[in-house]
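Engineer:
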Amino acid sequence: MPLWLEGKDYNHGTGHGVGSFMNVHEGPQNIRKDMNPQELLPGMICPNEPGFYLDNGYGIRLENLIAVKEAETTPFGTFYEFETLTLCPFDRELILVELLTPSEKQWLNDYHQWCEKLLAPDLEGDTKEWFLQQVKPL
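In structure tokens, the structure reads:
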């Protein structure tokens with residue numbers, strides 16, 4: 001959605017099945033604009049990997065793993081949602097905070113707060129100090 005708001009898009013898939021033994025593009029599922037012969041079902045894991053590349057300019061790509069899970073069932077059917085599996089703070093040195101909108105800052109702060117809540121209790125010493133610096137609000 002952020003790319004569309006700028007009138008841009010990317011010309012590659014958003015996700016695919018995650019395989020074993022280094023077969024990273026294992027099917028049957030994928031998330032693409034054109035052909036998606038396999039519906040996404042609960043328990044399937046995919047990378048969420050949107051990216052944008054401007055020829056002779058720059059490239060941006062964020063990637064994490066997501067799982068399909070059941071969200072709710074209504075009279076209109078069963079609805080699914082994605083659950084983020086990869087929890088890792090974004091590298092603050094690569095973020096130009098002045099270019100973020102208020103909603104983007106809020107999303108990033110919420111994500112980092114979630115990372116802190118789930119990961120910080122298992123860290124200690126220098127690692128924990130570094131981690132807490134990475135997840136502090138922008």
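In UniProt numbering, the protein residues as written are 1 to 138. All C-beta atoms in this analysis are idealised placements derived from N, C-alpha and C, irrespective of residue type, glycine included.
With a cut-off of 8 Å, do at least 3 Cβ pairs link the segment 10-21 to the segment 45-52?
Structural biologist: They touch, by the three-pair rule.
Engineer: Identify every residue that forms a DSSP beta bridge with residue 139.
Structural biologist: For residue 139 there is no data in the structure shown, the boundaries of the chain being 1 and 138.
Engineer: Can you tell me whether DSSP reads residue 140 as helix, strand or coil?
Structural biologist: Examination of residue 140 is not possible in this model, given that the chain is present from 1 through 138 alone.
Engineer: Could you give the first and the last residue of the continuous alpha helix (DSSP H) run that contains Tyr10?
Structural biologist: One-based indexing of the sequence shown puts residue 10 at position 10. Element bounds for Tyr10: n/a, residue is neither H nor E.
Engineer: Would you check if the distance between the CB atom of Pro47 and the CB atom of Glu63 is smaller than 7 Å?
Structural biologist: Locating residue 47 in the sequence shown gives position 47, where the first residue counts as 1. Locating residue 63 in the sequence shown gives position 63, where the first residue counts as 1. Yes.
Engineer: Just curious, the alpha helix (DSSP H) that Asn129 is in, first and last residue?
Structural biologist: Counted from its first residue, the sequence shown places residue 129 at position 129. Per the sequence shown, residue 129 should be read as Glu rather than Asn. Here the alpha helix (DSSP H) through Glu129 covers Gly125 to Val135.
Engineer: Alpha carbon to alpha carbon, how far is His16 from Pro102?
Structural biologist: As a first step, residue 16 must be located in the sequence shown, where it is residue number 16. As a first step, residue 102 must be located in the sequence shown, where it is residue number 102. Near 31 Å, if we compare the C-alpha coordinates of Pro102 and His16.
Engineer: Rounded to whole angstroms, what's the CA-CA distance from Glu124 to Asn36? Just pull it up for me.
Structural biologist: Within the sequence shown, residue 124 is the residue found at index 124, counting from 1. Within the sequence shown, residue 36 is the residue found at index 36, counting from 1. Cα to Cα, Glu124 sits roughly 44 Å from Asn36.
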